[in-house]
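Residue numbers (the working numbering): 1319 to 1489. Beta carbons are placed, not taken as given, at the ideal position from N, Cα and C, and that holds for glycine. Here is the structure we will look at.
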């Protein structure tokens, strides 16, 4: 998780900053952080209309107009770009995956999802069904010190508390 935290520092989204790593047999296969697509102006430089106008788009709304690519998506896409299979891998992400990312992780046959900060899905029942499909024992919160959590969770901090009962303290 420490490496996912380091990757997170590259994130340029003004909402939340997230890092993710894909691992197999304790080897990092791919990394990703959230931000605008490559060769586009960064979110923090006004590249994303939604993020540039928080007064127009309140937290939790209008994600369909946000152009930022999530950390988990970027990690999967980077692996695909370089021909690296992610089947049966583990992903470590600094924020619990959103509904869309969890679907993509399932489709990519990722074996295990480990996250640091909880996130509340507005699709509670459907989200729980996806977690069940993965296997609740393979969807877990890993607790490590995160001195930058306030910075990383951005303007919408406070709306992220949810636990699954599968938390564990990392060594």
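query, result
"Under the three-state reduction of DSSP, which class applies to residue 1384: helix, strand or coil?", "coil"
"Shortest alpha-carbon distance to residue 1405 belongs to which of 1452, 1462, 1371 and 1366?", "1452"
"Hey, residue 1322 and residue 1338: beta-carbon distance below 9 Å or not?", "yes"
"Check whether the Cβ atoms of residue 1336 and residue 1428 sit closer than 9 Å, and answer yes or no.", "no"
"Tell me the DSSP secondary structure of residue 1432 in three-state form.", "strand"
"Can you grab the Cα-Cα spacing for the pair residue 1388 / residue 1421, in whole Å?", "13 Å"
"Please list, in chain order, all residues of the same chain as residue 1320 whose beta carbon is under 8 Å from its beta carbon, the five residues on each side excluded.", "1462"
"Is it buried or exposed for residue 1437, if we count other Cβ within 10 angstroms and need 16 for buried?", "buried"
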